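Novice: Residue numbers (the numbering used here): 11 to 476. For every residue, glycine included, the Cβ atom is placed at its ideal position computed from N, Cα and C. Every value quoted in this text rests on a predicted model; they were computed, and no experiment measured them. The structure is given below, and queries will be raised subsequently.
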Ligand code: PMP
């Protein structure tokens with residue numbers, strides 16, 4: 011009598027798949043979806059994805075949808091890319107996972123080396139974790155411990171993190187502490203540590219969350235004032251890579267990051283740049299912070315081409331060496347997740363980096379960015395389009411009742427979702443951020459697909475304008 015039931019040896023495609031209705035029943039009975047109000051989930055006609063091909067998701071009925079948000083901003087080269095598939099399969103034939111705690115594995119070592127080759131100058135060390143949030147947690151803990159170990163006086167003083175209104179750095183408690191989006195973050199206040207941040211209300215464009223008038227004057231000034239007023243107590247300034255994605259694609263003013271780098275130097279603090287959403291080509295450059303000399307750089311999402319959860323926090327030799335000493339001195343960085351440095355993830359990432367290194371990749375992305383700009387222009391005349399914000403191969407289209415008043419729609423109308431559902435009927439999968447429609451296709455999107463993407467949004471705009 012075997013101890014375990016015999017495995018089903020049939021290939022997955024031959025195994026009898028439960029039908030759609032059964033799966034939907036199980037979904038409704040057991041699955042709790044992230045960032046999703048359960049009470050309206052089913053009514054909003056969610057997709058049930060069974061497969062994919064290139065830039066298209068395929069549902070259980072064989073319907074194809076252009077993946078207009080790159081599976082939450084992480085897919086770079088489409089689904090089932092032969093090179094990434096092959097790399098994972100080859101790695102499976104060796105080993106899927108072994109711990110990185112006190113040990114190494116072949117693809118993780120190779121990946122660390124290759125990441126440093128393409129990273130902004132000055133970064134020489136890679137700490138792996140599992141997703142964008144953990145990459146940020148790691149950066150925060152490293153910064154705090156760095157100050158304690160480099161100078162005990164500074165270690166006592168430099169404990170604060172300076173962040174922006176509307177910031178989003180992930181959903182774990184440290185990352186949420188940095189966050190400035192009330193809808194996502196306010197409720198968890200009792201769990202959070204205090205940060206230095208503009209407490210101003212939401213405004214359209216300013217990454218500081220300033221009122222529009224002050225934002226237009228100079229939204230950097232508020233950051234500077236806050237930094238200078240608490241200069242000695244700041245461990246690090248933490249910024250997203252040029253655009254506040256989750257806040258609705260709020261693009262930072264030209265030169266903002268460069269000035270923040272100088273500001274961090276002036277107050278003697280570290281600069282943490284969160285390129286979880288912007289890294290790996292999204293801006294048309296490999297990294298937004300390429301010329302910025304960040305002290306800590308957080309990467310995730312695109313790192314594995316959108317295949318597997320893996321993240322990296324990159325840092326400098328100066329920071330790394332502050333963690334060296336005899337083990338009993340306790341300078342070690344005591345952080346590490348079970349799956350850190352996962353070999354399958356690293357293999358997927360190595361294949362992804364190879365695709366990213368192709369000579370024609372960034373020029374092609376830049377051409378697509380230009381195409382996206384010109385297609386987005388078609389949406390400007392809609393009365394319900396309050397603002398169109400583009401950052402590289404990504405855009406946020408903000409819906410309002412009327413452009414002249416800029417009055418928002420009542421949240422209960424769920425107009426962002428209505429537009430996305432209309433787009434879905436045109437064969438394009440989109441997911442809004444409230445009433446901001448986000449377009450963030452894979453880097454492999456074609457010009458024709460950009461046209462379809464914008465056509466699908468236009469269909470949705472027609473529907474809510476009626
Ligand atoms: N930082 C930024 C800038 C992000 O956009 C996100 C996710 N959208 C995160 C961090 C968190 O990443 P993850 O969801 O992988 O934890």
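Going along the chain, which residues put their C-beta within less than 5 Å of some heavy atom in the ligand PMP?
Specialist: 141, 142, 143, 179, 180, 250, 255, 284, 286, 287 and 310
Novice: Nearest to residue 181 by CA position, among 169, 171, 174 and 194, is which residue?
Specialist: Translated into the one-based positions of the chain shown, residue 181 becomes position 171. Residue 194 is the option with its Cα nearest to residue 181.
Novice: Could you check the C-alpha separation between residue 366 and residue 271 for me, to the nearest Å?
Specialist: Taking the chain shown and counting its residues from 1, one reaches residue 366 at position 356. Taking the chain shown and counting its residues from 1, one reaches residue 271 at position 261. Distance between the alpha carbons of residue 366 and residue 271: 27 Å.
Novice: Note the first and the last residue of the continuous alpha helix (DSSP H) segment covering residue 314.
Specialist: Within the chain shown, residue 314 is the residue found at index 304, counting from 1. Unbroken run through residue 314: none, as it is neither H nor E.
Novice: Starting from residue 89, follow its DSSP beta bridges and name the residues at the other end.
Specialist: Residue numbering aside, residue 89 sits at position 79 when the chain shown is read from its first letter. In the DSSP output, where bridge partners are listed per residue, residue 89 has 64.
Novice: Assign residue 348 to one of two classes, buried (16 or more other C-beta atoms within 10 Å of its C-beta) or exposed (fewer than that).
Specialist: In the chain shown, the residue the question calls residue 348 occupies position 338. With fewer than 16 other Cβ atoms within 10 Å, it is exposed.
Novice: What are the start and end residues of the beta strand (DSSP E) that includes residue 322?
Specialist: Within the chain shown, the letter at position 312 stands for residue 322. It spans 321-326 - the beta strand (DSSP E) in which residue 322 sits, taken as one unbroken run.
Novice: Does DSSP put residue 134 in a helix, a strand or coil?
Specialist: Residue mapping note: residue 134 aligns to position 124 of the chain shown, counting from 1. Note: residue 134 maps to strand in three-state DSSP.
Novice: Can you grab the Cα-Cα spacing for the pair residue 240 / residue 345, in whole Å?
Specialist: The residue you call residue 240 lines up with position 230 of the chain shown. The residue you call residue 345 lines up with position 335 of the chain shown. Rounded to whole angstroms, residue 240 to residue 345 spans 29 Å at the Cα level.
Novice: DSSP state of residue 156, grouped into three classes?
Specialist: Taking the chain shown and counting its residues from 1, the one referred to as residue 156 is at position 146. Here residue 156 sits in helix by DSSP.
Novice: Less than 8 Å between the CB atoms is what I'm expecting for residue 247 and residue 281, so what's the real figure, rounded?
Specialist: Along the chain shown, one-based indexing puts residue 247 at 237. Along the chain shown, one-based indexing puts residue 281 at 271. The Cβ separation is near 5 Å, so the contact holds.
Novice: Please report the straight-line C-alpha distance between residue 467 and residue 376, rounded to a whole angstrom.
Specialist: Locating residue 467 in the chain shown gives position 457, where the first residue counts as 1. Locating residue 376 in the chain shown gives position 366, where the first residue counts as 1. Taking the straight line from one Cα to the other gives about 22 Å.
Novice: Relative to the C-alpha of residue 404, which residue among 370, 79, 186 and 361 is closest?
Specialist: As a position in the chain shown, residue 404 is number 394, starting the count at 1. Taking only the C-alpha atoms, the option nearest residue 404 is 79.
Novice: Can you give me the C-alpha to C-alpha distance between residue 470 and residue 277, rounded to a whole angstrom?
Specialist: The residue you call residue 470 lines up with position 460 of the chain shown. The residue you call residue 277 lines up with position 267 of the chain shown. Taking the straight line from one Cα to the other gives about 48 Å.
Novice: Mark residue 168 as exposed unless 16 or more other C-beta atoms lie within 10 angstroms of its C-beta, in which case mark it buried.
Specialist: What you label residue 168 is simply residue 158 of the chain shown in a count that begins at 1. Label assigned to residue 168: buried.
Novice: Does residue 144 come out as helix, strand or coil in the three-state DSSP assignment?
Specialist: In the chain shown, residue 144 corresponds to position 134, counting from 1. Helix, per DSSP.
Novice: Is DSSP giving residue 254 helix, strand or coil here?
Specialist: Numbered from its first residue, the chain shown carries residue 254 at position 244. Here residue 254 sits in strand by DSSP.
Novice: Could you tell me how far apart the beta carbons of residue 399 and residue 260 are, in whole angstroms, since I believe they sit closer than 8 Å?
Specialist: Stepping through the chain shown from its first residue, residue 399 is reached at position 389. Stepping through the chain shown from its first residue, residue 260 is reached at position 250. Indeed, because the Cβ distance is near 7 Å, the residues count as touching under 8 Å.
Novice: On the premise that residue 273 lies in contact with residue 234, defined as a C-beta separation below 8 Å, what is that separation, rounded to the nearest angstrom?
Specialist: In the chain shown, residue 234 corresponds to position 224, counting from 1. In the chain shown, residue 273 corresponds to position 263, counting from 1. Correct: roughly 6 Å between the Cβ atoms.
Novice: Since residue 489 is in the alpha helix (DSSP H), which residue starts that stretch and which ends it?
Specialist: Here the chain has residues from 11 to 476 only, and residue 489 is not among them.
Novice: Within the same chain, show all residues whose beta-carbon is closer than 7 Å to that of residue 358, passing over the 5 residues directly before and after it, in chain order.
Specialist: Along the chain shown, one-based indexing puts residue 358 at 348. Once the five neighbours on either side are set aside, the close Cβ partners of residue 358 are 94, 97, 98, 314, 315, 317 and 318.
Novice: What does the Cβ neighbour count give for residue 445, buried or exposed, with the cut at 16 atoms within 10 Å?
Specialist: Numbered from its first residue, the chain shown carries residue 445 at position 435. Result: buried.
Novice: Where does residue 183 land, buried or exposed, given buried means 16+ other C-beta within 10 angstroms?
Specialist: Position 173 of the chain shown holds residue 183. So residue 183 ends up on the exposed side.
Novice: In whole angstroms, what is the alpha-carbon distance linking residue 229 and residue 279?
Specialist: For the purposes of this step, residue 229 is taken as residue 219 along the chain shown, with counting starting at 1. For the purposes of this step, residue 279 is taken as residue 269 along the chain shown, with counting starting at 1. In a straight line, the C-alpha of residue 229 is about 20 Å away from that of residue 279.
Novice: Pick helix, strand or coil for residue 344, following the three-state DSSP scheme.
Specialist: Your numbering for residue 344 matches position 334 in the chain shown. Residue state, collapsed to three classes: coil.
Novice: Please classify residue 32 as buried or exposed, where buried requires at least 16 neighbouring CB atoms within 10 angstroms.
Specialist: The residue you call residue 32 lines up with position 22 of the chain shown. That one is exposed.
Novice: Relative to the alpha-carbon of residue 443, which residue among 435, 428, 457 and 297 has its alpha-carbon at the smallest distance?
Specialist: On the chain shown, residue 443 is found 433 positions in, with the first residue counted as 1. Looking at the Cα atoms, 428 is the closest of the given residues.
Novice: What separation, rounded to the nearest whole angstrom, lies between the Cα atoms of residue 56 and residue 419?
Specialist: Taking the first residue of the chain shown as position 1, residue 56 is located at position 46. Taking the first residue of the chain shown as position 1, residue 419 is located at position 409. Distance between the alpha carbons of residue 56 and residue 419 is about 23 Å.
Novice: In three-state terms, what does DSSP make of residue 191?
Specialist: On the chain shown, position 181 is the one that residue 191 refers to. Residue 191 falls in the coil class under three-state DSSP.
Novice: Applying the 10 Å Cβ sphere with the 16-neighbour rule, what's the burial state of residue 434?
Specialist: By one-based count along the chain shown, residue 434 stands at place 424. Residue 434 comes out buried.
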